[in-house]
Each structure stands twice: as structure tokens, then as C-alpha cells.
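S.K.:
Residue numbers (our numbering): 65 to 140.
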């Protein structure tokens, strides 16, 4: 069980990093340091961005669940 949760945690971690990097910069912060400040605002979110947000939240919930599950298993 611990091995399965560890593998799921690693996969969820990599997916979460990739999904966060796919998001468009909303302005300010470190994103402007790497050229993100020159992008034009298109006014509103597209369907793809909303689906990307939902997928990111779902993977983040899976990641949190794996963390809690591993913590409970390793505590005993």
C-alpha cells in the first residue's frame, strides 16, 4: 500500500508541476522576470484555460490525498 501511494505521489507531483507551468501568467511577480510581462491580455478565460484549472485542482487534491494517506500509513 505504501509503495502504491508513493508511486501515485511521484506521478501526481510531476503532473502538478507540468500543469502549473502550462498556466498563462496573470501578470506581476516572477513571471515578468522571464518575459511573461510582454504577453497581451485577451480579455477573459477560454474553455481550455477553465479545463486546465479544473485539471490542476483535481491533481492537487490527489496529491494532498496521497500526502495524508502516506502520513497516516507511516505513522503506525
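Just so it is clear, CB atoms sit at the ideal spot from N, CA and C, and this is done for glycine as well.
For residue 76 versus residue 138, is the C-beta spacing smaller than 9 Å?
M.R.: In this structure, residue 76 sits away from residue 138, with a CB-CB distance that is not shorter than 9 Å.
S.K.: Use the C-beta contact count for residue 81: other C-beta atoms within 10 angstroms, 16 or more gives buried, fewer gives exposed.
M.R.: exposed
S.K.: What span of residues does the alpha helix (DSSP H) with residue 88 cover, start to end?
M.R.: Unbroken run through residue 88: none, as it is neither H nor E.
S.K.: Which of the three DSSP states, helix, strand or coil, is assigned to residue 140?
M.R.: coil
S.K.: Assign residue 123 to one of two classes, buried (16 or more other C-beta atoms within 10 Å of its C-beta) or exposed (fewer than that).
M.R.: buried
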